[in-house]
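>
Chains as they are written, first to last, in my numbering: chain A, 60 to 531; chain B, 338 to 529.
1. Count the other C-beta atoms from every protein chain shown that fall within 10 angstroms of the C-beta of residue 338 (chain B), then say buried if there are 16 or more, exposed otherwise.
2. Have a look at residue 98 (chain A) and residue 160 (chain A) and give me their C-alpha separation to the nearest angstrom.
3. Between the C-alpha atoms of residue 519 (chain B) and residue 511 (chain B), what's the straight-line distance to the nearest angstrom?
4. For residue 129 (chain A) and chain B, any beta-carbon pair shorter than 8 Å?
5. Show which residues of chain B have a CB atom less than 8 Å away from the CB atom of residue 74 (chain A).
6. When burial is assigned at 16 or more other CB atoms within 10 Å of the CB, is residue 504 (chain B) buried or exposed?
7. Taking 7 Å as the limit between beta carbons, can you name the residues of its chain near residue 440 (chain B), skipping five residues before and five after?
8. Fully enclosed by the stretch 309-384 of chain A, which alpha helix (DSSP H) runs are 4 residues long or longer?
9. Can you have a look at residue 311 (chain A) and say buried or exposed, based on whether 16 or more other CB atoms are within 10 angstroms of its CB?
10. Starting from residue 260 (chain A), trace the beta strand (DSSP E) both ways and give me its first and last residue.
11. Does the stretch 422-437 of chain B come within contact of the stretch 395-405 of chain B, defined as at least 3 CB pairs closer than 8 Å?
12. Check the Cβ of residue 440 (chain B) against every Cβ in chain A and list those closer than 7 Å, keeping chain order.
13. Would you identify the three-state DSSP class for residue 107 (chain A), choosing helix, strand or coil?
14. Spatial neighbours of residue 530 (chain A) within its chain, please: CB distance less than 6 Å, with the 5 preceding and 5 following residues excluded, ordered by chain position.
15. Where residue 480 (chain B) and residue 491 (chain B) are concerned, what is the direct C-alpha to C-alpha distance, given to the nearest angstrom?
16. For the stretch 411-423 of chain A, enumerate the residues whose C-beta is nearer than 8 Å to any C-beta of chain B, in chain order.
17. Is residue 280 (chain A) helix, strand or coil when you go by DSSP?
18. Kindly indicate the opening and closing residues of the beta strand (DSSP E) around residue 207 (chain A).
19. Using a Cβ-Cβ distance under 8 Å, would residue 513 (chain B) count as near chain A?
20. DSSP puts residue 224 (chain A) in a beta bridge; with which residues?
21. The stretch 453-474 of chain A: which residues have C-beta closer than 8 Å to a C-beta of chain B, in chain order?
22. For residue 521 (chain A), does the three-state DSSP call read helix, strand or coil?
23. Comparing C-alpha positions only, which one of A:292, A:253, A:450 sits nearest to residue 278 (chain A)?
24. Within 10 angstroms of its Cβ, does residue 438 (chain A) collect 16 or more other Cβ (buried), or is it exposed?
25. Under 8 Å, with one C-beta from each stretch per pair, do the stretch 475-483 of chain A and the stretch 373-380 of chain A reach the 3-pair mark?
26. Quick check on residue 485 (chain B): does DSSP put it in helix, strand or coil?
27. Pull up the DSSP beta-bridge partners for residue 270 (chain A), would you.
28. So, with DSSP's three-state summary, where would you put residue 63 (chain A)?
29. Quick one: does residue 469 (chain B) have its CB under 8 Å from some CB of chain A?
30. Contact criterion: CB-CB distance below 8 Å. Does residue 451 (chain B) meet it with respect to chain A?
31. Grab the span of the alpha helix (DSSP H) containing residue 522 (chain B) for me, first residue to last.
32. Of all the residues that make up the stretch 493-517 of chain B, which are near chain A by a beta-carbon distance shorter than 8 Å?
33. Hey, would you say residue 272 (chain A) sits closer than 8 Å to residue 230 (chain A), going by beta carbons?
34. Using a Cβ distance threshold of 8 Å, determine whether the stretch 482-500 of chain B contacts the stretch 76-93 of chain A, with at least three qualifying pairs required.
35. Whole angstroms are fine: how far does the CA of residue 467 (chain B) sit from the CA of residue 390 (chain A)?
36. Are three or more beta carbon pairs between the stretch 64-81 of chain A and the stretch 469-484 of chain B nearer than 8 Å?
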């Protein structure tokens, strides 16, 4: 070990393992994480003869598919041997291991992060019974398509239509314009053969807004696109070039009525539309993803600040005192200013993500009892937290990259790739400015409620306290 | 209320900033509506301030959550770790107070003297955290295979690793690349 780095470790004033256990949520979790890491890294899936940075766009995708399949094979074996469930997938795939093995994104991520959770959250029990087993076994590969070429965060502007035909008891999916083509979903281009499509539902000539439909994209044997399906890759991106982002257009594609996910809203055989409890219910998946996003930001920032801090302990530069050797750059207060805030931000986001996750679970539990009161508050909170944490994380990773000077510009530093992963989060799952304005809608309403002397929900109660001069 | 230059005081200051900004937005929207704009246009004209109010709201939540959640944790860890965790919270709160000092001047009674104290407090925290910087990132416990970085490996052999990675470039597989004979040499001899 580099002597400078060893000296740093020798002078640390606290027990590093104790903090690791705290971050993991306990000694057992640390041991379990290490065991999973050992198990998966021993497979050698992450080892590349030629660094993938030197591969073509097509080769990068093919390597990503190969790695993702090998990874799932190992995870499935882990499941069978240890009888673990979905959590095992998410902890391995969503966490550091997944991004270590698939540094430039995985074409199967959305299958686990969006396709399965949406079925769990929005399909009836019968529908779950039919789809979940096949999805878990990877008999089918799914993705989730909501954003279109011409519309994204403003989901009421989406143009893809699903028109109910009572004579055949089918929905007809159609892309009326080029701007209505689904655009961006990971795994959509060449990997998935099924997709949850968010489309404007029309029945009996009336539009009922956005609803989820399961659509088969490709033949399960030949993987050829089905009739009326126009599908392909959207092209090379700033980063995440392993995720196989695709476009999808429909030419009057018919699907059975049973393919509309009907846990919340329903369409009866004669075309009658049955309302859901609340239009906010379809946000369930998005809020789940945003909570996961905040946690992911912690991981990326933690990686970047680890790289930059260790490098700053090794790198020596300049000679402020003529008779002394060049100091470690970590001794410069300007360098500490760039890095320390990154370390504390990781902890701030981790604790906030845990807190938001508990709040999300409480609100979802209340939802099941029909109590929707805190849903708007949770929605507003998930919007602004996603916007602020992703923006802060992108800034933090870029600051870490710059704090490593020219070597931070090397792909072998891993900092540019990490920046590509983090900055993508500023625009997916809701563009940040639009999300901040969605939160502002809730804050303006809260302000007016406070002025009317009404009680406010906990996260905005400070508004009435401050406006009446009391301490929050 | 008088400014309180403590962590809780700064957090309360951020609540005042958020509430103040939201109130200003409501007032501006109403003023624009009175001047004849419809609500949507009044909203759009005020949207820069609205986005800023949301960011301040979120900042206040992040600060207060980080502070309160760490306070809960602090009682369960050894004194040495508690000291470092609380220093990190202080650093985060004071950093953002300095980053948003304009907002605090606008919506709270913070003074130049308070700001000077915050700046000194911040720099003092950097010095206190300096000995633990590497320990704090080691605690994230990333294996080298997961970190995947020539700069960040646990052993700190940065220069050797940078060179190892450089040699993996396919261009280094042969000392003379084909393009020399195809393009450069003919070009240099004026035959291209």
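For every residue, glycine included, the Cβ atom is placed at its ideal position computed from N, Cα and C.
Reading off the structure:
1. By 1-based counting over the second chain, the position of residue 338 (chain B) is 1. Residue 338 (chain B) is exposed by the Cβ-count criterion.
2. Sequence index remark: in the first chain, residue 98 (chain A) carries index 39 (1-based). Sequence index remark: in the first chain, residue 160 (chain A) carries index 101 (1-based). Taking the straight line from one Cα to the other gives about 13 Å.
3. If you number the second chain from 1, residue 519 (chain B) lands on position 182. If you number the second chain from 1, residue 511 (chain B) lands on position 174. Residue 519 (chain B) and residue 511 (chain B): Cα-Cα distance of roughly 15 Å.
4. To locate residue 129 (chain A), count along the first chain from 1; it is residue 70. Judged by the 8 Å Cβ criterion, residue 129 (chain A) is not in contact with chain B.
5. Stepping through the first chain from its first residue, residue 74 (chain A) is reached at position 15. Those are 415, 417, 418, listed as they occur along chain B.
6. Taking the first residue of the second chain as 1, we reach residue 504 (chain B) at position 167. With fewer than 16 Cβ atoms within 10 Å of its Cβ, residue 504 (chain B) is classed as exposed.
7. Counting from one through the second chain, the residue named residue 440 (chain B) turns up at place 103. Around residue 440 (chain B): 354, 393.
8. 342-373
9. In the first chain, the residue the question calls residue 311 (chain A) occupies position 252. Label assigned to residue 311 (chain A): exposed.
10. Looking up residue 260 (chain A) in the first chain gives position 201. First-last of the beta strand (DSSP E) with residue 260 (chain A): 253-262.
11. yes
12. Residue numbering aside, residue 440 (chain B) sits at position 103 when the second chain is read from its first letter. Correct list: empty, because the minimum Cβ distance to chain A is about 14 Å.
13. In the first chain, residue 107 (chain A) corresponds to position 48, counting from 1. In this structure, residue 107 (chain A) counts as coil in the three-state DSSP scheme.
14. What you label residue 530 (chain A) is simply residue 471 of the first chain in a count that begins at 1. A caution first: residue 530 (chain A) carries a pLDDT of 41, below 50, which makes its placement in the model unreliable, though a value can still be read off. Excluding residues within five positions, none has a Cβ falling inside 6 Å.
15. Within the second chain, residue 480 (chain B) is the residue found at index 143, counting from 1. Within the second chain, residue 491 (chain B) is the residue found at index 154, counting from 1. Residue 480 (chain B) and residue 491 (chain B): Cα-Cα distance of roughly 8 Å.
16. 411, 413, 414
17. Counting from 1 along the first chain, the entry for residue 280 (chain A) is found at position 221. Residue state, collapsed to three classes: coil.
18. Translated into the one-based positions of the first chain, residue 207 (chain A) becomes position 148. Counting along the chain, residue 207 (chain A) falls outside any beta strand (DSSP E), and DSSP gives it neither H nor E.
19. Walking along the second chain from the start, residue 513 (chain B) turns up at place 176. Answer no: the Cβ-Cβ gap between residue 513 (chain B) and chain A never drops below 8 Å.
20. Within the first chain, the letter at position 165 stands for residue 224 (chain A). Residue 224 (chain A) is bridged to A:229.
21. 463, 466, 467, 469, 471, 472, 473, 474
22. The residue given as residue 521 (chain A) occupies position 462 in the first chain. The answer is helix: DSSP assigns residue 521 (chain A) an H, G or I state.
23. The residue given as residue 278 (chain A) occupies position 219 in the first chain. Among A:292, A:253, A:450, the Cα nearest to that of residue 278 (chain A) is on A:253.
24. Sequence index remark: in the first chain, residue 438 (chain A) carries index 379 (1-based). Classification for residue 438 (chain A): buried.
25. no
26. For this step, residue 485 (chain B) is matched to residue 148 along the second chain. Reduced to three states, the DSSP call for residue 485 (chain B) is coil.
27. The sequence position of residue 270 (chain A) within the first chain is 211, counting from 1. Bridge partners of residue 270 (chain A): A:258.
28. Taking the first chain and counting its residues from 1, the one referred to as residue 63 (chain A) is at position 4. Residue 63 (chain A): helix per DSSP, three-state reduction.
29. In the second chain, the residue the question calls residue 469 (chain B) occupies position 132. So yes, residue 469 (chain B) belongs to the interface.
30. Start at 1 with the first residue of the second chain, and residue 451 (chain B) comes out as number 114. No, residue 451 (chain B) lies away from the interface with chain A (no Cβ there is under 8 Å from its Cβ).
31. For the purposes of this step, residue 522 (chain B) is taken as residue 185 along the second chain, with counting starting at 1. Unbroken alpha helix (DSSP H) run through residue 522 (chain B): 522-525.
32. 493, 494, 495, 498, 499, 502, 503, 505, 506, 507
33. Taking the first residue of the first chain as 1, we reach residue 272 (chain A) at position 213. Taking the first residue of the first chain as 1, we reach residue 230 (chain A) at position 171. Cβ distance < 8 Å, so residue 272 (chain A) and residue 230 (chain A) count as in contact.
34. no
35. Position 331 of the first chain, counted from the first residue, corresponds to residue 390 (chain A). Position 130 of the second chain, counted from the first residue, corresponds to residue 467 (chain B). Approximately 8 Å, taken between the alpha carbons.
36. yes
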